[in-house]
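K.L.:
For reference, each letter of the sequence shown is one residue, going -22 to -1, 1 to 199 in mature numbering (1 follows the signal peptide of the UniProt record, and there is no 0). So that we are looking at the same thing, I have put the structure below in C-alpha cells.
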Amino acid sequence: MKKIFASLVVMIVLVASSFAQTEGSKYHQAMSGALAQIGKCKTATDFMNVSNTFERISQAENKRWTPAYYAIYTKAISSFVEQDEDKREQTVDGAQELMNGLKEKYPDNSEIMALQGFLYQAKLSIKPASRGMFYGPKAERALEKAIELDENNPRAHYLLGRNLKNTPAFFGGGKTKALKEFKLAESAYEKESGIEPNVPFAPRWGKSQNKKEMEKITEKQ
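Below, the structure written as C-alpha cells:
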C-alpha cells in the first residue's frame, strides 16, 4: 500500500513547498505544513492525525474547499492502509460525512466530485465481494459527473479508468475501456503540468499512478 501512495505523497509535498515559498499567510503556512506532514505518514493513524489537522484548518477557513478536500482524502488513504475492518468502516463513514457537507457547499466542483468517486471506491474495497454491484456503479456515476463538470480533470479520468479496470466487461467495464480513460488522463495531466492552479493547493496528484496503470494493461496486450 505504501508503494501505491508514494508518488501521491511526493507530489503533495512538492505542491506544499511551492506555495510555502510564495505565500506567507497563516493559512498558507498551515496548509503547507499539513501537506508536508503527509510525506512522513507511515500508518493509518498517521494519516488520520493529518486529516484532523486539515479539519481544523477547514473550520477556521470555511470559505475554502481545499482543507476539507484533503481532510477527506487523507481519511480515504487511512482506510486503505488500515487493516482492521471496523476501523476502515468508521474512517470511510467519517469521510463521507465531511463529503456530504462539502458537496452541499460546492455542488459543481469537479475535484470534489472526483474525490466522492474515490471515496466510494474506498467503501467498496472494504467488502468487495458484497459491495461491488452497489458501490462500483456509484463511483462510476460520480466520476462521470466530475468529467461532465470538467473534461480536463485528470484525476476524474484516472479514477474512472481504475473503476472500469476492476469492472467485468459484461458489466460495462474491462481493460479496453479503462485504457481509454487512462490515456485521457495522461493527456489531461500533461496539460495540467503547464498551468498554474487557479486555487492555492488545488489537487495535482495521480500522474505517476495513472502511468503505472497504463503500463500494467499495455504490458499484457
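All C-beta atoms, glycine included, are put in the ideal place defined by N, C-alpha and C. Please read these numbers as outputs of a predicted model, since none were measured by experiment.
In whole angstroms, what is the alpha-carbon distance linking T154 and Y5?
P.N.:
The residue you call residue 154 lines up with position 176 of the sequence shown. The residue you call residue 5 lines up with position 27 of the sequence shown. Distance between the alpha carbons of T154 and Y5: 43 Å.
K.L.:
Short check: CB of L121 to CB of A134, under 7 Å?
P.N.:
Residue mapping note: residue 121 aligns to position 143 of the sequence shown, counting from 1. Residue mapping note: residue 134 aligns to position 156 of the sequence shown, counting from 1. Yes, the pair counts as a contact, with Cβ atoms nearer than the cut-off.
K.L.:
Give me the residue from S56, K81, F149 and E126 with the minimum Cα distance to S103.
P.N.:
Taking the first residue of the sequence shown as 1, we reach residue 103 at position 125. When only C-alpha atoms are compared, the closest one is S56.
K.L.:
Hey, would you say D86 sits closer than 7 Å to L127, going by beta carbons?
P.N.:
The count along the sequence shown starts at 1 and reaches residue 86 at position 108. The count along the sequence shown starts at 1 and reaches residue 127 at position 149. Closer than 7 Å, so yes.
K.L.:
Check each candidate in E193, A180, Y167 and K190 and name the one with the smallest Cα separation from W43.
P.N.:
For the purposes of this step, residue 43 is taken as residue 65 along the sequence shown, with counting starting at 1. For W43, the nearest C-alpha among the options comes from A180.
K.L.:
Here's a check: name, in chain order, each residue in its chain whose Cβ is nearer than 8 Å to the Cβ of A46, leaving out the five neighbours to either side.
P.N.:
Locating residue 46 in the sequence shown gives position 68, where the first residue counts as 1. Contacts found: F32, E33, S36, L76, G79 and L80.
K.L.:
What does a CB cutoff of less than 6 Å around A8 pick up in its chain, not counting 5 residues either side in sequence?
P.N.:
Here the question's residue 8 lines up with position 30 in the sequence shown. Excluding positions up to five away in sequence, the list reads I35.
K.L.:
In its own chain, which residues sit with a C-beta less than 6 Å from the C-beta of M111, not counting the 5 before and 5 after it?
P.N.:
Counting from 1 along the sequence shown, the entry for residue 111 is found at position 133. If we look at M111 and ignore the five residues flanking it on each side, it has no Cβ neighbours.
K.L.:
Identify whether I173 lies in helix, strand or coil by the three-state DSSP scheme.
P.N.:
Walking along the sequence shown from the start, residue 173 turns up at place 195. Coil at I173, not helix or strand.
K.L.:
Spatial neighbours of K190 within its chain, please: CB distance less than 6 Å, with the 5 preceding and 5 following residues excluded, ordered by chain position.
P.N.:
Taking the sequence shown and counting its residues from 1, the one referred to as residue 190 is at position 212. Result list for K190: empty, nothing under 6 Å.
K.L.:
Is the beta carbon of Y167 sitting closer than 7 Å to the one on P132?
P.N.:
Your numbering for residue 167 matches position 189 in the sequence shown. Your numbering for residue 132 matches position 154 in the sequence shown. Yes, they are a contact pair.
K.L.:
Ordered along the chain, which non-local residues of its own chain (more than five positions away) have a Cβ less than 7 Å from that of K63?
P.N.:
One-based indexing of the sequence shown puts residue 63 at position 85. The sequence as given places Glu at residue 63; Lys does not occur at that position. Counting only Cβ-Cβ distances below 7 Å, and skipping sequence neighbours, we find I104.
K.L.:
Where E82 and T196 are concerned, what is the direct C-alpha to C-alpha distance, given to the nearest angstrom?
P.N.:
Looking up residue 82 in the sequence shown gives position 104. Looking up residue 196 in the sequence shown gives position 218. C-alpha separation (whole angstroms): 40 Å.
K.L.:
By a C-beta neighbour count over all protein chains shown, 10 Å radius and 16 as the cutoff for buried, is N40 buried or exposed?
P.N.:
Here residue 40 refers to the residue found at position 62 when the sequence shown is read from its first residue. So N40 counts as exposed.
K.L.:
Taking only the alpha-carbon atoms, compute the straight-line gap between Q74 and I90 and give it to the nearest angstrom.
P.N.:
Your numbering for residue 74 matches position 96 in the sequence shown. Your numbering for residue 90 matches position 112 in the sequence shown. Straight-line Cα distance between these residues: approximately 12 Å.
K.L.:
Among the residues of its own chain, which have a CB less than 7 Å from the CB of F149, if the five just before and after it don't count?
P.N.:
One-based indexing of the sequence shown puts residue 149 at position 171. Cβ within range, chain order: n/a, list empty.
K.L.:
Between C19 and F25, what straight-line distance do the alpha-carbon atoms span, to the nearest angstrom?
P.N.:
Numbered from 1 along the sequence shown, position 41 holds the residue referred to as residue 19. Numbered from 1 along the sequence shown, position 47 holds the residue referred to as residue 25. When rounded, the distance between both Cα atoms is 6 Å.
K.L.:
Between the alpha carbons of residue 265 and E193, how many angstroms are there, rounded?
P.N.:
Lying before the first or after the last residue shown, residue 265 is absent from the chain, which here runs from -22 to 199.
K.L.:
When burial is assigned at 16 or more other CB atoms within 10 Å of the CB, is T21 buried or exposed?
P.N.:
Residue numbering aside, residue 21 sits at position 43 when the sequence shown is read from its first letter. So T21 ends up on the exposed side.
K.L.:
Under the assumption that residue 207 contacts G139 (Cβ atoms under 8 Å), give the Cβ distance between them as a whole number of angstroms.
P.N.:
Examination of residue 207 is not possible in this model, given that the chain is present from -22 through 199 alone.
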